[in-house]
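In this note's numbering, the protein residues as written are 958 to 1176.
Reading through the C-alpha coordinates given below for one structure.
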(Lines of atoms letter the chains of each structure in order from A and count residues from 1; the text may use other names and numbers.)
(Lines give C-alpha, C1' and ligand atoms only; values in the text may rest on other atoms or scores of the structure.)
Protein backbone atom coordinates (compact mmCIF):
# COMPACT_ATOMS: atom_id res chain seq x y z
CA UNK A 1 0.00 0.00 0.00
CA UNK A 2 1.15 3.53 -0.79
CA UNK A 3 0.13 6.54 1.31
CA UNK A 4 1.04 9.83 -0.41
CA UNK A 5 1.38 12.90 1.80
CA UNK A 6 1.99 16.24 0.09
CA UNK A 7 2.11 19.83 1.19
CA UNK A 8 4.29 22.93 1.49
CA UNK A 9 7.32 23.31 3.77
CA UNK A 10 6.51 23.48 7.48
CA UNK A 11 2.93 22.24 7.16
CA UNK A 12 3.69 19.34 9.48
CA UNK A 13 3.73 16.61 6.84
CA UNK A 14 7.10 15.21 8.02
CA UNK A 15 5.92 14.83 11.61
CA UNK A 16 2.58 13.39 10.52
CA UNK A 17 4.17 11.04 7.98
CA UNK A 18 6.67 9.74 10.54
CA UNK A 19 4.01 9.12 13.18
CA UNK A 20 1.71 7.47 10.65
CA UNK A 21 4.46 5.20 9.31
CA UNK A 22 5.34 4.12 12.85
CA UNK A 23 1.70 3.38 13.68
CA UNK A 24 1.19 1.36 10.50
CA UNK A 25 4.59 -0.30 10.43
CA UNK A 26 5.21 1.15 6.95
CA UNK A 27 8.45 2.36 5.44
CA UNK A 28 8.80 6.16 5.55
CA UNK A 29 10.23 7.82 2.42
CA UNK A 30 11.07 11.52 2.77
CA UNK A 31 11.32 12.65 -0.84
CA UNK A 32 12.15 16.23 0.16
CA UNK A 33 15.24 14.91 1.94
CA UNK A 34 16.31 13.33 -1.33
CA UNK A 35 16.23 16.71 -3.08
CA UNK A 36 18.02 18.29 -0.13
CA UNK A 37 20.68 15.58 -0.25
CA UNK A 38 21.26 16.15 -3.97
CA UNK A 39 21.46 19.92 -3.41
CA UNK A 40 23.89 19.40 -0.54
CA UNK A 41 26.12 17.03 -2.50
CA UNK A 42 26.03 19.22 -5.62
CA UNK A 43 27.04 22.32 -3.67
CA UNK A 44 29.79 20.38 -1.88
CA UNK A 45 31.11 19.26 -5.27
CA UNK A 46 31.14 22.84 -6.54
CA UNK A 47 28.50 22.17 -9.18
CA UNK A 48 26.54 25.09 -10.64
CA UNK A 49 23.02 24.50 -9.31
CA UNK A 50 21.57 26.08 -12.46
CA UNK A 51 23.26 23.39 -14.59
CA UNK A 52 20.52 20.77 -14.78
CA UNK A 53 22.63 18.01 -16.33
CA UNK A 54 25.48 18.35 -13.85
CA UNK A 55 23.06 18.24 -10.92
CA UNK A 56 21.26 15.26 -12.50
CA UNK A 57 24.63 13.48 -12.73
CA UNK A 58 25.08 14.03 -8.99
CA UNK A 59 21.62 12.53 -8.38
CA UNK A 60 22.40 9.49 -10.54
CA UNK A 61 25.43 8.75 -8.42
CA UNK A 62 23.44 8.59 -5.18
CA UNK A 63 21.60 5.60 -3.77
CA UNK A 64 19.09 6.28 -1.02
CA UNK A 65 17.92 4.38 2.01
CA UNK A 66 15.76 5.46 4.94
CA UNK A 67 16.10 4.20 8.51
CA UNK A 68 14.10 5.14 11.60
CA UNK A 69 16.72 5.78 14.28
CA UNK A 70 15.85 7.15 17.70
CA UNK A 71 12.52 8.46 16.48
CA UNK A 72 14.13 10.21 13.51
CA UNK A 73 13.88 9.16 9.87
CA UNK A 74 17.51 9.32 8.70
CA UNK A 75 18.39 9.40 5.01
CA UNK A 76 21.45 7.49 3.86
CA UNK A 77 23.21 8.50 0.66
CA UNK A 78 25.58 5.82 -0.55
CA UNK A 79 25.60 4.41 3.03
CA UNK A 80 26.47 7.83 4.58
CA UNK A 81 23.89 9.30 6.96
CA UNK A 82 22.78 12.88 6.35
CA UNK A 83 20.63 14.62 8.94
CA UNK A 84 21.22 18.16 10.22
CA UNK A 85 23.60 18.81 7.31
CA UNK A 86 20.63 19.03 4.94
CA UNK A 87 18.26 20.99 7.21
CA UNK A 88 19.72 24.49 6.86
CA UNK A 89 17.94 27.41 5.21
CA UNK A 90 20.61 27.48 2.48
CA UNK A 91 20.08 23.82 1.59
CA UNK A 92 16.30 24.44 1.56
CA UNK A 93 16.73 27.25 -0.97
CA UNK A 94 19.11 25.17 -3.08
CA UNK A 95 16.74 22.20 -3.02
CA UNK A 96 13.96 24.40 -4.38
CA UNK A 97 16.27 25.54 -7.19
CA UNK A 98 17.35 22.06 -8.32
CA UNK A 99 13.85 20.60 -7.97
CA UNK A 100 12.75 22.82 -10.86
CA UNK A 101 15.08 20.99 -13.27
CA UNK A 102 13.18 18.32 -15.27
CA UNK A 103 16.29 16.11 -15.57
CA UNK A 104 16.78 16.10 -11.80
CA UNK A 105 13.11 15.39 -11.13
CA UNK A 106 13.04 12.50 -13.61
CA UNK A 107 16.00 10.85 -11.90
CA UNK A 108 14.65 11.28 -8.38
CA UNK A 109 11.08 10.30 -9.28
CA UNK A 110 12.44 7.02 -10.68
CA UNK A 111 14.36 6.42 -7.46
CA UNK A 112 11.36 7.36 -5.30
CA UNK A 113 9.17 4.85 -7.13
CA UNK A 114 11.80 2.17 -6.75
CA UNK A 115 12.20 2.76 -3.00
CA UNK A 116 8.44 3.09 -2.44
CA UNK A 117 7.63 -0.18 -4.18
CA UNK A 118 9.97 -2.20 -1.94
CA UNK A 119 7.19 -2.49 0.66
CA UNK A 120 4.14 -0.67 2.01
CA UNK A 121 5.24 2.94 2.36
CA UNK A 122 4.29 6.41 3.46
CA UNK A 123 5.88 8.90 1.06
CA UNK A 124 5.97 12.60 1.81
CA UNK A 125 6.81 15.44 -0.54
CA UNK A 126 5.22 17.91 -2.91
CA UNK A 127 4.22 15.82 -5.91
CA UNK A 128 3.71 12.31 -4.56
CA UNK A 129 -0.02 12.10 -5.23
CA UNK A 130 0.14 13.98 -8.54
CA UNK A 131 3.32 12.63 -10.17
CA UNK A 132 5.26 9.98 -8.24
CA UNK A 133 2.35 7.72 -7.24
CA UNK A 134 -0.83 9.08 -8.87
CA UNK A 135 -2.41 5.68 -8.18
CA UNK A 136 -1.65 5.73 -4.44
CA UNK A 137 -4.38 4.11 -2.34
CA UNK A 138 -4.53 7.14 -0.02
CA UNK A 139 -3.57 10.73 -0.88
CA UNK A 140 -3.34 13.53 1.66
CA UNK A 141 -2.54 17.23 1.19
CA UNK A 142 -1.52 19.05 4.38
CA UNK A 143 -1.42 22.82 4.76
CA UNK A 144 -0.99 25.38 7.55
CA UNK A 145 -0.72 29.15 7.74
CA UNK A 146 2.66 30.60 6.62
CA UNK A 147 3.30 32.14 10.07
CA UNK A 148 2.77 28.80 11.83
CA UNK A 149 4.93 27.02 9.29
CA UNK A 150 7.74 29.54 9.77
CA UNK A 151 7.60 29.13 13.55
CA UNK A 152 7.76 25.35 13.25
CA UNK A 153 10.74 25.51 10.89
CA UNK A 154 12.59 27.91 13.21
CA UNK A 155 12.06 25.58 16.16
CA UNK A 156 13.33 22.64 14.11
CA UNK A 157 16.44 24.51 12.97
CA UNK A 158 17.24 25.83 16.44
CA UNK A 159 16.99 22.32 17.81
CA UNK A 160 19.72 21.46 15.34
CA UNK A 161 21.91 24.27 16.69
CA UNK A 162 21.25 26.88 13.98
CA UNK A 163 20.62 30.52 14.88
CA UNK A 164 17.96 31.79 12.50
CA UNK A 165 15.72 34.82 12.11
CA UNK A 166 12.00 33.96 12.02
CA UNK A 167 11.17 36.84 9.68
CA UNK A 168 13.78 35.61 7.20
CA UNK A 169 12.45 32.05 7.44
CA UNK A 170 8.92 33.33 6.76
CA UNK A 171 10.13 35.19 3.68
CA UNK A 172 11.92 32.05 2.48
CA UNK A 173 8.77 29.96 2.97
CA UNK A 174 6.58 32.41 1.05
CA UNK A 175 9.12 32.60 -1.77
CA UNK A 176 9.51 28.82 -1.89
CA UNK A 177 5.73 28.41 -2.03
CA UNK A 178 5.70 30.74 -5.02
CA UNK A 179 8.50 28.91 -6.83
CA UNK A 180 7.12 25.45 -6.07
CA UNK A 181 3.59 26.36 -7.12
CA UNK A 182 4.57 28.21 -10.31
CA UNK A 183 7.24 25.88 -11.68
CA UNK A 184 6.45 24.22 -15.01
CA UNK A 185 7.43 20.70 -13.90
CA UNK A 186 5.41 18.93 -11.18
CA UNK A 187 4.20 22.07 -9.38
CA UNK A 188 3.04 21.90 -5.78
CA UNK A 189 -0.70 21.30 -5.87
CA UNK A 190 -3.39 19.16 -4.29
CA UNK A 191 -4.36 16.05 -6.24
CA UNK A 192 -8.05 16.06 -7.16
CA UNK A 193 -8.71 12.94 -5.10
CA UNK A 194 -6.54 13.93 -2.11
CA UNK A 195 -7.87 14.57 1.38
CA UNK A 196 -7.17 18.17 2.42
CA UNK A 197 -6.06 18.76 6.02
CA UNK A 198 -5.21 22.13 7.63
CA UNK A 199 -2.82 21.38 10.50
CA UNK A 200 -2.76 24.94 11.89
CA UNK A 201 -5.01 24.17 14.87
CA UNK A 202 -5.22 20.37 14.79
CA UNK A 203 -2.89 18.09 16.75
CA UNK A 204 -0.66 15.51 15.08
CA UNK A 205 -2.32 12.80 17.15
CA UNK A 206 -5.79 13.69 15.85
CA UNK A 207 -4.63 13.77 12.24
CA UNK A 208 -2.74 10.47 12.51
CA UNK A 209 -5.67 8.74 14.22
CA UNK A 210 -7.99 9.82 11.42
CA UNK A 211 -5.57 8.66 8.73
CA UNK A 212 -5.09 5.29 10.44
CA UNK A 213 -8.87 4.80 10.29
CA UNK A 214 -8.86 5.59 6.58
CA UNK A 215 -6.02 3.12 5.92
CA UNK A 216 -7.85 0.41 7.91
CA UNK A 217 -10.96 0.98 5.79
CA UNK A 218 -8.94 0.48 2.60
CA UNK A 219 -7.45 -2.86 3.66
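For glycine and all other residues, C-beta sits at the position ideal for the given N, C-alpha and C.
Bear in mind the structure is a predicted one, so any value in this text is a computation, not a measurement.
Determine the contact status of residue 1106 and residue 961, defining contact as a CB-CB distance below 8 Å.
Start at 1 with the first residue of the chain shown, and residue 1106 comes out as number 149. Start at 1 with the first residue of the chain shown, and residue 961 comes out as number 4. Cβ distance not < 8 Å, so residue 1106 and residue 961 don't count as in contact.
Could you check the C-alpha separation between residue 1024 and residue 1033 for me, to the nearest Å?
Along the chain shown, one-based indexing puts residue 1024 at 67. Along the chain shown, one-based indexing puts residue 1033 at 76. Whole-angstrom Cα-Cα distance: 8 Å.
How about residue 959 and residue 1099: are their beta carbons less than 8 Å apart?
Residue numbering aside, residue 959 sits at position 2 when the chain shown is read from its first letter. Residue numbering aside, residue 1099 sits at position 142 when the chain shown is read from its first letter. The answer is no: Cβ separation not under 8 Å.
Counting C-beta neighbours from all protein chains within 10 Å, is the total for residue 1040 16 or more, i.e. buried, or is it exposed?
Here the question's residue 1040 lines up with position 83 in the chain shown. Burial check for residue 1040: the Cβ neighbour count within 10 Å stays below 16, so the residue is exposed.
Top-ranked residue by Cα proximity to residue 1071, from 1167, 983, 1113 and 1021
Within the chain shown, the letter at position 114 stands for residue 1071. Closest in C-alpha terms to residue 1071, from the list 1167, 983, 1113 and 1021, comes 1021.
Given 8 Å as the limit, is there contact between the region 981–1000 and the region 1040–1059, that is, 3 or more CB pairs closer than that?
Yes: the two stretches touch, three or more of their Cβ pairs being nearer than 8 Å.
Looking at the structure shown, is residue 1137 part of a helix, part of a strand, or coil, going by DSSP?
In the chain shown, counting from the first residue as 1, residue 1137 sits at position 180. Secondary structure of residue 1137 (DSSP, three-state): helix.
How long is the line joining the alpha carbons of residue 1170 and residue 1003, rounded to whole angstroms?
By one-based count along the chain shown, residue 1170 stands at place 213. By one-based count along the chain shown, residue 1003 stands at place 46. Computed Cα separation, rounded: 47 Å.
Any idea if residue 1082 is buried or exposed, counting beta-carbon neighbours within 10 angstroms, 16 or more meaning buried?
Start at 1 with the first residue of the chain shown, and residue 1082 comes out as number 125. Flag for residue 1082 reads buried.
For residue 1049, does the three-state DSSP call read helix, strand or coil?
Your numbering for residue 1049 matches position 92 in the chain shown. In this structure, residue 1049 counts as helix in the three-state DSSP scheme.
Can you tell me the Cα-Cα spacing of residue 1143 and residue 1133, whole angstroms?
Working through the chain shown from its first residue, we reach residue 1143 at position 186. Working through the chain shown from its first residue, we reach residue 1133 at position 176. Take the alpha-carbon of residue 1143 and the one of residue 1133: they are about 14 Å apart.
Going by Cα to Cα distance, which pick from 1087, 995 and 975 is closest to residue 1148?
Translated into the one-based positions of the chain shown, residue 1148 becomes position 191. Nearest of 1087, 995 and 975 to residue 1148, Cα basis: 1087.
Residue 1160 to residue 1095, Cα distance in whole Å?
For the purposes of this step, residue 1160 is identified with residue 203 of the chain shown, where counting begins at 1. For the purposes of this step, residue 1095 is identified with residue 138 of the chain shown, where counting begins at 1. Each residue's alpha carbon lies about 20 Å from the other.
How close, in whole Å, do the beta carbons of residue 1079 and residue 985 come, if the pair is a contact with beta carbons under 8 Å?
Locating residue 1079 in the chain shown gives position 122, where the first residue counts as 1. Locating residue 985 in the chain shown gives position 28, where the first residue counts as 1. Residue 1079 to residue 985, Cβ: 5 Å. Contact.
Residue closest to residue 1111, alpha-carbon to alpha-carbon, out of 1121, 1044 and 1102
The residue you call residue 1111 lines up with position 154 of the chain shown. Of the candidates 1121, 1044 and 1102, the one whose C-alpha sits nearest the C-alpha of residue 1111 is 1121.
Proximity to residue 1028 [Cα-Cα], best of 975, 1093, 1084 and 1151:
Stepping through the chain shown from its first residue, residue 1028 is reached at position 71. It is 975.
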